[in-house]
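Here my numbering is used: the first residue of the sequence shown is 1, the next is one more, and so on.
Following: one structure in structure tokens, then a few remarks.
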Amino acid sequence: MFTNDSKNEASFLTSVTELRERARKHIEEGAVTEGYNADRQVVIKLLQTALSTELVCVLRYRRHYYMAKGLNSEPVAAEFLEHANEEQDHADKLAIRITQLGGEPDLNPDNLTKLSHSEYVEGRGLKEMIKEDLVAERIAIDSYKEMIDYIGAKDSTTRRMLEEILAKEEEHADDLSNLMQVN
């Protein structure tokens with residue numbers, strides 16, 4: 001419990017007076033306070049790579065949604081569209097976090113495939129589309145795990161966001177693996 005009397009506070013807590021003073025320093029830094037322990041530029045670069053990867057995935061899933069044809073195409077197309085929308089949500093979260101850290105999301109189409117960990121592979125036929133999306137999800141899973149390990153306790157907000165995205169990527173991989181068995 002914070003008090004105004006630092007003599008009564010637990011030794012690991014910062015006094016309210018000091019918290020207030022620190023909050024007024026470097027106010028232009030927004031959400032990034034003196035307690036931020038990560039290298040912001042490295043984290044922004046990692047997040048930019050993740051953002052590019054997500055946007056490439058959005059585009060690939062959307063193409064697969066529109067190009068899905070055949071007997072079993074309707075439920076598969078619906079899955080592609082659902083994944084595209086969820087990948088867009090991930091991209092939005094990543095872009096917001098980049099700006100919170102003082103960066104600028106790079107949405108330049110010329111840079112997306114250069115920065116993305118996954119490739120934009122169109123695929124021919126449902127099975128190949130599913131396979132390419134599954135490969136991309138597996139790449140994303142490994143990438144997010146490495147980012148989470150790197151960030152560790154240095155940036156708990158970014159770590160939690162990446163962990164949430166990772167869980168959804170694992171769900172996508174499971175969905176696609178199940179579709180591979182059916183088609």
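By construction, the Cβ of each residue, glycine as well, lies at the ideal position given by its N, Cα and C atoms.
Cβ-based burial, residue i [other Cβ within 10 Å; buried from 16]
i: GLU122; result: exposed
Beta-carbon gap between residue i and residue j smaller than 7 angstroms
i: TYR65; j: LEU81; result: yes
i: LEU101; j: ILE141; result: no
i: GLN48; j: ASP110; result: no
Straight-line Cα distance separating residue j from residue i
i: GLU34; j: SER177; result: 44 angstroms
i: ARG124; j: ASN37; result: 46 angstroms
i: VAL32; j: MET147; result: 19 angstroms
i: ARG112; j: LYS154; result: Just to set this straight, residue 112 is Leu in the shown sequence, not Arg. Going by the C-alpha atoms only, they are around 27 angstroms apart.
i: ALA77; j: ASN108; result: 28 angstroms
i: GLU18; j: SER156; result: 22 angstroms
i: LYS93; j: PRO75; result: 27 angstroms
i: LYS131; j: MET180; result: 7 angstroms
Residue from the options whose Cα sits closest to the Cα of residue i
i: ALA167; options: TYR144, ARG63 and PRO75; result: TYR144
i: GLU164; options: ALA91, GLU104, ARG63 and LYS127; result: ALA91
i: SER190; options: GLU128, TYR150 and GLN41; result: Limits of the chain in this structure are 1 at one end and 183 at the other, which puts residue 190 out of reach.
i: LEU162; options: ARG60, LEU46, THR14 and LEU13; result: LEU46
i: LEU71; options: ASP149, LEU126, ASP142 and THR14; result: LEU126
i: GLU104; options: LEU59, ARG40, ARG60 and SER116; result: ARG40
Should the stretch 49-59 be regarded as contacting the stretch 80-97, the criterion being three or more beta carbon pairs within less than 8 angstroms?
yes
Should the stretch 162-180 be regarded as contacting the stretch 121-139, the criterion being three or more beta carbon pairs within less than 8 angstroms?
yes
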